[in-house]
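Top line first, the protein sequences correspond to chains A and B. Using the numbering used here, the letters of the first sequence correspond one by one to residues 667 to 771. Using the numbering used here, the letters of the second sequence correspond one by one to residues 93 to 320. To start, the structure itself, in structure tokens.
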Amino acid sequence: MVFQIGATLLDACVLSVLRGEDTYGYSLTQTLRGSLDISESTLYPVLRRLQKEACLTVRDEAYQGRNRRYYSITEKGMEKAREYRGAWEDFRGRVDGLILGGAAS
Amino acid sequence: MTMNEYIEELKYHLRKMPDDDREDAIEYYFEYLAEAGPEGEAAAIERLGTPQQLAAGIRADAALEALEGGASTRQIQDCYRNADDDVGAASCRPPSMVAQHGGSAKAPGVGQGVKAVWLSVLGAIPRNVLAGFVAGIVIIIVFAVLIGLFAAAVAIMAVGACAIGVSFTLFGETVAAGLFYLGCGLALVPIGWFLWRGVWWVWRHAWRGIAKMFNGIRRKREVRRVAK
């Protein structure tokens, strides 16, 4: 991918995916990797930070004799995700204006 | 490398971190590889990089996290430092997260920010390159100091010799001045000589010491390779 993914954009993506459903680290990583060029170790510090900021909580469930840690979004995380969504629409509009608008004229 | 070997090695490289931070990271990556399943395991390990690389990343993140939490540079260094020596494992937990024992958590200053950047840079350099770099600097410093001391020894002897020479011309005028110069000269020449001998001794042993140090590094690396 040509464009770099910053920490904030990554937060926005993680929170937005978690808005849909609770999920675990591996699955979340694979979901994001389907669209973004991130490494497999990218999400660990992100999830840790979001958890510390109380944007998400974890819950452990037994799965095939081992543990599976699910991440769920909190009310605060929902709020953050809404903010990011607004900011993203604004940002995307501006960049579209520059890149696509510039090319059209 | 199997998943268990990978996790064991990761654990080894994270052993200087505070226990629960390390356990947290280990659990995450254990689960991660388990989720990848037997068929995806090798590919996932491949993409995660070597345990050493992954550990370096985890430690760098932990250092930044601690910095944001207001931990002192010292604590961050203890946490982040390469895990090859076994002295003094200190906690790098931000003070705000530890039981508040009266201390106020200071906001990280610019100096700490610069240090954190340095730590990240150092973390990105492979350890053996770093060791070679440090060893090179040590050798240059030792070399420069010894050359300087050699020059000083030669200079002292030369001054002593000159003083002795001058004293003979002075005896014609005043005996006292002549004796003074002669005495100084006779004292300086042996001082210079002993300094020369001393530096020479250090010179020989310094190279031996440096050679030993390099052998030590190589041995350590071989031991580690064998352990793998």
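Beta carbons: idealized from backbone N, C-alpha and C, even for Gly. Small disclaimer: the values here were computed from a predicted structure and weren't measured.
- Taken atom to atom, the span from the alpha-carbon of B/W285 to that of B/W293 is near 12 Å.
- Counting C-beta pairs closer than 8 Å gives fewer than three between the stretch 751 to 769 of chain A and the stretch 109 to 117 of chain B, which falls short of the contact rule.
- Residues of the same chain with their beta carbon placed closer than 6 Å to that of B/A244 are lacking, with the five preceding and five following residues left out of the count.
- Taking all protein chains in view, the Cβ of B/L156 is crowded by 16 or more other Cβ atoms within 10 Å, so the residue is classified as buried.
- With distances taken between CA atoms, A/G731 lies nearest to B/E127 out of B/I137, B/A148, B/E127, B/G149.
- The criterion of a C-beta distance shorter than 7 Å is satisfied by A/A678 and A/Y750.
- If you ignore the 5 residues before and after B/P143, its C-beta comes within less than 7 Å of the C-beta of Y98, E101, L102, H105, all in its own chain and listed in chain order.
- In the three-state reduction of the DSSP assignment, A/E727 falls in the strand class.
- At a cut-off of 7 Å between beta-carbon atoms, A/S707 makes contact with chain B.
- By the neighbour-count definition (other C-beta atoms within 10 Å, threshold 16), A/R748 is an exposed residue.
- No Cβ-Cβ contact shorter than 7 Å links B/V291 with B/F235.
- Non-local C-beta neighbours of B/F122 in its own chain, meaning closer than 7 Å and more than five positions away in sequence, comprise I99, ordered along the chain.
- Bridge pairing for B/L106: absent [DSSP].
- Residues are counted here when their Cβ sits less than 8 Å from a Cβ of chain B; for the stretch 680 to 694 of chain A these are Y690, G691, Y692, S693, given in chain order.
- Boundaries around B/I118 are those of the alpha helix (DSSP H), 111 to 140, since no beta strand (DSSP E) includes it.
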